[in-house]
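In the working numbering, the protein residues as written are 41 to 333.
Below is the structure:
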């Protein structure tokens, strides 16, 4: 299926890549990400490593620790200690998930959910809307863990387990789906479970095995930080005719001179989005300004 919106934006964001993280590290990191910001998530992960990760070594007296194993987070005192470290309600989720992974699931259970299919870039595969059976199985099993909802499960599937068709849908992606892909009407007026699945299915039909990467390109393109990349530049020529009079020894001579002045006009379009608390309505306004040189 053709996607003119992606075709317009993708050439400006060719550097977007999907991380290939350790599955357990991705799972813990995204549980920490729930209702959180990047600075606080980074602090949580750092505290987790300092408190429970094995020491790798020192650089200029600065200790560096590896990521803690599921077994190291499965102790009886872990939850209370994580609460002291500022993890809040996530402390319970992490401690319980560590117990499930290390004691209740078979060895290497999490890794067994990984995508082991070879990637053939020469062949375009027609995808079922729900993705491949392996992806659906991995997503379903992750949902049984503490603190893992559909979005966290999709993040782990995409970045930790290698399922490229996984499409994590947060409020930002929901806004993109409303503005550019006509969601937000009829039965998809709010981000329910049915709407979440419908957005992922639509993107999988558009982009197949690369749906997760493609959705990340659109995510990056919509960030204010990169708005300048989507500007349009046009060169305008203005002709100004001047008549210059010069006097010679024989009399008065009139000379006509044409002066061409060039300027570059840069039209910048930025999208300002305002959302209601329940994410039912999105208003978009375009602000244009021209800079002359």
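Glycine included, C-beta positions come from ideal geometry on N, C-alpha and C. All values derive from a computational prediction rather than experimental measurement.
Boundaries around residue 70 are those of the alpha helix (DSSP H), 63-72, since no beta strand (DSSP E) includes it.
Taking the Cα of residue 220 as reference, the smallest distance to any Cα among 262, 92, 194 and 112 is reached at 262.
Annotated three-state conformation of residue 139 is helix, per DSSP.
Contact annotation: residue 56 and residue 69 have beta-carbon atoms that are not nearer than 8 Å. Taken in chain order, the complete alpha helix (DSSP H) segments of 4 or more residues contained in the stretch 82-143 are 118-124 and 130-139. Short of 7 Å from the beta carbon of residue 72, and not among the five residues preceding or following it, lie these beta carbons of its own chain, in chain order: 81, 84, 85 and 130. If you look at residue 53, you'll find it isn't in any alpha helix (DSSP H); DSSP assigns it neither H nor E. Spatial neighbours of residue 96 in its own chain (CB-CB distance under 7 Å, excluding positions within 5 residues in sequence) are listed in chain order as 104, 105 and 106. Taking a 10 Å sphere around the C-beta of residue 256, we find 16 or more other C-beta atoms and assign the residue as buried. Non-local beta-carbon contacts of residue 135 in its own chain, meaning distances under 6 Å to residues more than five positions away in sequence, involve 118 and 119 in chain order.
Per DSSP, reduced to three states, the secondary structure at residue 232 is coil, with no helix or strand assignment. Along the length of the stretch 182-207, whole alpha helix (DSSP H) runs at least 4 residues long occupy 190-199, reported in chain order. Counted as a single uninterrupted DSSP element, the alpha helix (DSSP H) harbouring residue 48 occupies residues 44-49. Following the DSSP letters along the chain, one finds residue 152 inside the alpha helix (DSSP H) bounded by residues 149-152. Nearest to residue 63 by C-alpha distance, out of 200, 94, 227 and 204, is 200. Taking 8 Å as the cut-off, the beta carbon of residue 197 is found no closer than this to the beta carbon of residue 212. Judged by their CB atoms, residue 214 and residue 231 are nearer to each other than the 8 Å cut-off. Looking at 235, 67, 193 and 239, the one whose alpha-carbon comes closest to that of residue 141 is 67.
The straight-line gap separating the alpha-carbon atoms of residue 203 and residue 185 is approximately 19 Å. Residue 137 and residue 187 do touch by the CB rule: their CB atoms are close to 6 Å apart, below 8 Å. Assigned with DSSP and collapsed to three states, residue 145 falls in coil, not helix or strand.
With distances taken between CA atoms, residue 126 lies nearest to 87 out of 87, 192, 194 and 100. With fewer than 16 other CB atoms across the displayed protein chains lying within 10 angstroms of its CB, residue 51 is exposed. Taking all protein chains in view, the Cβ of residue 48 is surrounded by fewer than 16 other Cβ atoms within 10 Å, so the residue is classified as exposed.
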